[in-house]
Amino acid sequence: MKSWAIMLVWCCLSVMGCDTDEAEFPELIAGNAQQLGTTSVVLEAEIKETGSVRPIRYGFLWSTSAGIQIFNAPNKLDLGETSEKRKYSVRIESLVSGTQYFVRAFAANQDYSKIYYSNEITFTTLN
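Counting in the numbering used here, the sequence shown runs from 113 upward without gaps.
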């Protein structure tokens, strides 16, 4: 009986000591395009959770085609690495006026063998 009670206390302490609030994977949200111009835009995103991948590389992908991924995106901006949740934004220039673009934020481990994407947003540059 005594060993059963010790086992029960050990199990309770083990469960209480576990951190189950951490997300397994990075979670990203792309914001709406801001300060839209004829050849430029400000892109915004947020790393809501970093997950267990630390540090993560993060940035933006953009294209004139939907469904972009890091290995087929004609435009990639890697903003470096972070281990923290954060909001970030960047001004993209040299776009073509009157053109629809598709954008995704990304997060990846150091060698890009694990890649996570935000929702895809679209915007059209002004004429």
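A virtual CB, placed ideally from N, CA and C, is assigned to each residue, including glycine.
Find out if the Cβ-Cβ distance for the pair residue i, residue j is shorter than 9 Å.
| i | j | result |
| --- | --- | --- |
| valine 215 | valine 154 | no |
| glutamate 62 | proline 138 | With the chain covering only 113 through 239, there is no way to say anything about residue 62. |
Rounded C-beta distance between residue i and residue j? I'm assuming under 8 Å.
| i | j | result |
| --- | --- | --- |
| alanine 164 | glutamate 136 | Contrary to the premise, residue 164 reads as serine rather than alanine in this sequence. About 6 Å separates the two Cβ atoms, so the contact holds. |
| isoleucine 190 | arginine 166 | Here the sequence assigns aspartate to residue 190, which means isoleucine is not the residue at that position. The Cβ separation is near 17 Å, so there is no contact. |
| isoleucine 182 | alanine 142 | Wrong, their Cβ atoms sit about 14 Å apart, outside the cutoff. |
| serine 206 | threonine 151 | 6 Å |
Could you check which residue in the options has the C-alpha nearest to that of residue i?
| i | options | result |
| --- | --- | --- |
| isoleucine 180 | Tyr224, Leu140 and Phe218 | Phe218 |
| threonine 259 | Thr176, Glu193 and Tyr200 | Within the shown structure, residues of the chain are numbered from 113 to 239, placing residue 259 beyond reach of any answer. |
| leucine 140 | Lys199, Gln212 and Leu207 | Lys199 |
| glutamine 146 | Ile204, Ala178 and Thr194 | Ile204 |
| tryptophan 174 | Gln212, Leu148, Asp223 and Glu193 | Gln212 |
| isoleucine 233 | Gly149, Phe172, Leu207 and Ser152 | Phe172 |
| glutamine 222 | Thr151, Asn144, Lys188 and Glu193 | Glu193 |
| tyrosine 224 | Ala178, Leu148, Lys188 and Asn239 | Lys188 |
| glycine 210 | Leu238, Ala178 and Asn144 | Leu238 |
| isoleucine 228 | Pro186, Glu158 and Val208 | At residue 228 the sequence reads tyrosine, which differs from the isoleucine that was named. Answer by Cα proximity: Glu158. |
| leucine 148 | Ala185, Val208, Ala178 and Asn184 | Val208 |
Residue i lies in the beta strand (DSSP E); which residues open and close that run?
| i | result |
| --- | --- |
| tyrosine 224 | Tyrosine 224 -> no beta strand (DSSP E), and no H or E assigned at all. |
| phenylalanine 235 | 233-236 |
At the 9 Å Cβ level, is residue i part of the contact set with chain B, yes or no?
| i | result |
| --- | --- |
| asparagine 144 | Protein chains in the displayed structure number just one, and chain B is not present. |
### Complete alpha helix (DSSP H) runs within the region 143-213 (minimum length 4 residues, chain order)
Note on the region 143-213: there is no whole alpha helix (DSSP H) run with a minimum of 4 residues.
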